[in-house]
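Be aware that the sequence shown starts at 2, since it is given in the working numbering, and climbs by one per residue.
Glycine residues also receive a C-beta, built at the ideal position from the N, C-alpha and C atoms.
Here the structure is a predicted model, which is why all the values come from computation and not from measurement.
These notes are about the structure you will find just below.
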Amino acid sequence: MEIYSSDLAGIVNGRLTGPSYLPVTDIVTDSRQLIFSEGLVFFAIKGKNHDGHQFIPSLYSKGIRVFVTGRKLPDYPAFPDAAFIETADTTEALQLLAAYKRSGVNTKVIAVTGSAGKTIVKEWLAEIIGKKESVVRSPKSYNSQIGVPLSVWKLDDRFCYGIFEAGISFPGEMDKLEKVIRPDIGVITNIGDAHRENFPDDKTKTIEKLKLFRNSAAIVYCRDQEIIRSAIENDITLSCKRLVDWSFMSRDAAVFASKYSAGGSSTGLTLVFSDSEYVFTIPFTDRASIENAVTVASVCLAIGLPYDIISRGLKGLVSVAMRMELKSGVNNCQLIEDFYNSDPGSLGMAIEYLMTQTGRKHTLILSDFVQSGRSDTELYSDVASLTAKAGVERFIGIGPGLSANAELFGPDAKFFGSTDDFLHVINQGQFRDEVILLKGARMFEFEKIARQIELQIHQTTLEVNLDAIAHNLNEFRKLLKPDTRMMAMVKAFAYGAGSAEIASVLEYNRVSYLAVACADEGFELRNAGVTLPVMVMNPDPSSVDFLIKYDLEPVIFSFESLKNFSQAASRHGLVNYPVHIKIDSGMHRLGFLPEELDKLAVEIRTGTGMKIVSVFSHLSASDDPSLDEFSRKQADIFLKAVEKIRDATGYSFIRHILNSSGIVRLPQFQFDMVRPGIGIYGVGHFDTISLRPAGRFKTRISQVKWVKAGEPVGYGCADVSDHERLIAILPAGYADGLRRILGNRNGSLFIRHKKVPIIGNICMDMCMADVTGTGAGTGDEAEIFGENISIEEVAGKCGTIPYEILTSIPMRVKRIFYRE
């Protein structure tokens, strides 16, 4: 399907300015995703917290020549050979282009919606159907107004099936997605709490979701979900379609299901469909996985997939890791683990993410694709072209398909027939100072490679959700005036989360400054490739030369620190080196007191080597309404100090005083910049914004054992019970940040969907929990804090604050960064 800029303008109902003959072969909506520019069209999407139009100049300089905009830009003449297509709404324009692509292909399309389980059902369907037919699916959980058209754009007649998920947050959104997807088969998983606040009731939300299937030939759903069944049966358009409903309760359903224990962690399923009985086994016992598996099996039966394919597929299902993880590797390497799905479309996205990681060589370890629907030569030629254009410096291919097409790649590329072949000849020393993307189909078991080159093999980990951090930052941003800047606090290893990785997310989300406690923390950021201005809160006198070398901006908080840095600036011949002045407005930590300001003004007038870029202070009790009068007094003292310093300098500078709680509670003191800190990591509860926990501290069970009644557990024989108990031993102790005070039933862990008490005294490297009645076993995950046990709860039981809990997790605990 050949499209040129003039065609595109007609498709999206836009007005073309510039050349009409420029080819359009692919779409980009995120400036970070640009790895090559030939044939790309950039859709300048405008959202609540970003505006794609501001990236047009930089994308033009990188070679893009076709732009779809939502408004006329005043500087079109700056781009003489580019085509601009002006539209009323760029998101709608993107949807129109995807709908045009959908109308031109004959691929059978399956659409999945619901409140939970969409992504899992979509992935499992693709996994099983892909064993017989070629499949394209939406990457990750691309189910939004932008994600859906980006997914549908990948449709091609070479695929037998396209499987896409669709999610909505507000009424009216599904009408737009239906026009893009136009599914032949509709699947709805369930109706739950997600986005309930935006709909009058669950019935309304169900009806909205079912609009996706108004033109479908068939609908698959669970008859036991009364709200879904009722909505379909009461809709004239939907009720006359082929309804493939399944049920555990009603034999009148198209698929009647029953389940039984298959031993261990497996469940047996018997499905009756079209007067035939089918027996399957799935490797799960939890309710959600069982229901998702029955939905998948019902779809496969409805489309006539052979029994042996369905049976083998269901038996081999694995939990879907719905995220891309960034981990520390050996020899200063970083690992990007993306075992989520393996197809050409998701490869492009993964490489885009790889190229955003700077400061190290880029390496790709890739397995064969499975059931791509294309010839190996054509497919791997595209892969070779993609990696070359992206600038991947090191390529390792694993699998017979890649190996047979080795000549398509550069002379330095390496190829292996299997994962085991690769592991037999590779060693840790062969990887150094690299960002390594591991992208493999599940059958290639790339987890084996990850285990070989991960830095730490410690089952106790702190998971950090980078998307949650971006969400929290933007929650604070929506409380700010448009011209108020943000300085993000990343001191103390970003409150224990990992400063370099967090800084990269903050930098992309347009914070103006970063702040650290000491020069060493600033050096870590610079060493990781962070280019944002960095303020050092408490620079050591001996670190002055170090600050200058790495372009770090010191806080001047005393006459001694002023003299020290002034002399260093003079020694280096500096002029107007940026510094920040700290005012003590009542907290009485670092800073100049009000009575010192006249003397400070004199010193400022005589200094030439420095330039004050900001003056700031810190509120002592911004989270306490009973002390608001004291906070107002602090702000008044601060403003008077600002005026004296401005009179002394003769120029303006940035003013800032608010921390996370201050941003929410005292918005009148926003001034020029604010300093969100722990709130970025999801700690704190506010009425006007909704924060998401960004950290999850977890471990896994090393052993379980039955302990008889009367037998003690742990040091000091502190825990004795009058009944027999199942005890779990876990590799997390006070040396990992699990406070000793949480022992002896004061604290809990979350295991197998249940809170269980920590028993006995916590050891240095281990703890014990009573898991009687949970069915827990070796290898099961245990949450210390996160989604089910809040960090505030843990801090309260320890008699401290969340800050201390987070920053006490030592570096031996592996940090895992991921995006949803």
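Item: Reference I311, options I130, D521, G748, G587, closest by Cα; Value: I130
Item: With 16 other Cβ atoms within 10 Å as the buried cut-off, status of K482; Value: exposed
Item: N235 classed as buried or exposed, judged by whether at least 16 other C-beta atoms fall within 10 angstroms; Value: exposed
Item: Exposure label - C334; buried when at least 16 CB within 10 Å; Value: buried
Item: Buried/exposed call for I470, threshold 16 Cβ in 10 Å; Value: buried
Item: Own chain, CB closer than 8 Å to D434, minus 5 neighbours either side, in chain order; Value: N332, N333, C334, R361, K362
Item: Start-end ranges of the beta strand (DSSP E) lying completely within the segment 123-147, minimum 3 residues; Value: 136-138
Item: Local conformation of E292 per DSSP, three classes; Value: helix
Item: CB of Y162 within 8 Å of CB of I220, strictly; Value: no
Item: Option in S275, N144, N762 with minimal Cα separation from A117; Value: N144
Item: Straight-line Cα distance separating N789 from V537; Value: 35 Å
Item: Assigned secondary structure, N528 (DSSP; H/G/I helix, E/B strand, else coil); Value: helix
Item: DSSP beta-bridge partners of K449; Value: Paired residues: none, contrary to the question.
Item: Cα-Cα separation, G193 to E124; Value: 20 Å
Item: Closest by C-alpha distance to L409, when choosing among E554, Y308, G398; Value: G398
Item: Cutoff 6 Å; reference L411; Cβ partners in own chain excluding five residues on either side; Value: What sits at residue 411 in the sequence shown is Gly, not Leu. Contacts found: none.
Item: Inter-residue CB distance, S1 and E166 (contact presumed, cutoff 8 Å); Value: Outside the shown range of the chain (2 to 821) lies residue 1, about which nothing can therefore be said.
Item: Own chain partners of T207 with C-beta closer than 7 Å, once the 5 adjacent residues on each side are dropped; Value: I192, I228, I229, A232
Item: Cβ shell of D781 (< 7 Å), same chain only, five flanking positions each side left out; Value: R701, I702, I752, R753
Item: Buried versus exposed, by CB contacts within 10 Å (16 or more), V280; Value: exposed
Item: Cβ-based neighbour list, L474, same chain, cut-off 6 Å, excluding 5 preceding and 5 following; Value: N510, I681
Item: DSSP state of V537 mapped onto helix, strand, coil; Value: strand
Item: Stretch-stretch touch, CB-based, cutoff 8 Å, three pairs: the segment 459-468 with the segment 372-392; Value: no
Item: Among I810, K706, E793, the one whose alpha carbon lies nearest that of A770; Value: K706
Item: Reference G305; option with closest CA among D413, S275, V319; Value: S275
Item: Pair within 8 Å by beta-carbon distance, V153 and R72; Value: no
Item: CA-to-CA distance, Q669 to F687, given in whole angstroms; Value: 17 Å
Item: Test: I111 CB closer than 8 Å to a CB of chain D; Value: Included in the structure is just one protein chain, with no chain D present.
Item: Top-ranked residue by Cα proximity to R606, from S419, S513, R647, I450; Value: R647
Item: Selection from G430, V684, S691 that minimises the alpha carbon distance to G787; Value: V684
Item: For I582, the first and last residue of its enclosing beta strand (DSSP E); Value: 578-583
Item: L750 and I785 closer than 8 Å at C-beta; Value: yes
Item: Spatial neighbours of F654 in its chain, beta-carbon cut-off 7 Å, leaving aside the 5 residues before and after; Value: I613, V614, S615, V616
Item: Contact between the segment 630-644 and the segment 422-440 (3+ Cβ pairs under 8 Å); Value: no
Item: Short Cβ contact (8 Å threshold) for V675 with T485; Value: yes
Item: Nearest-angstrom Cα separation, counted from G663 out to D624; Value: 7 Å
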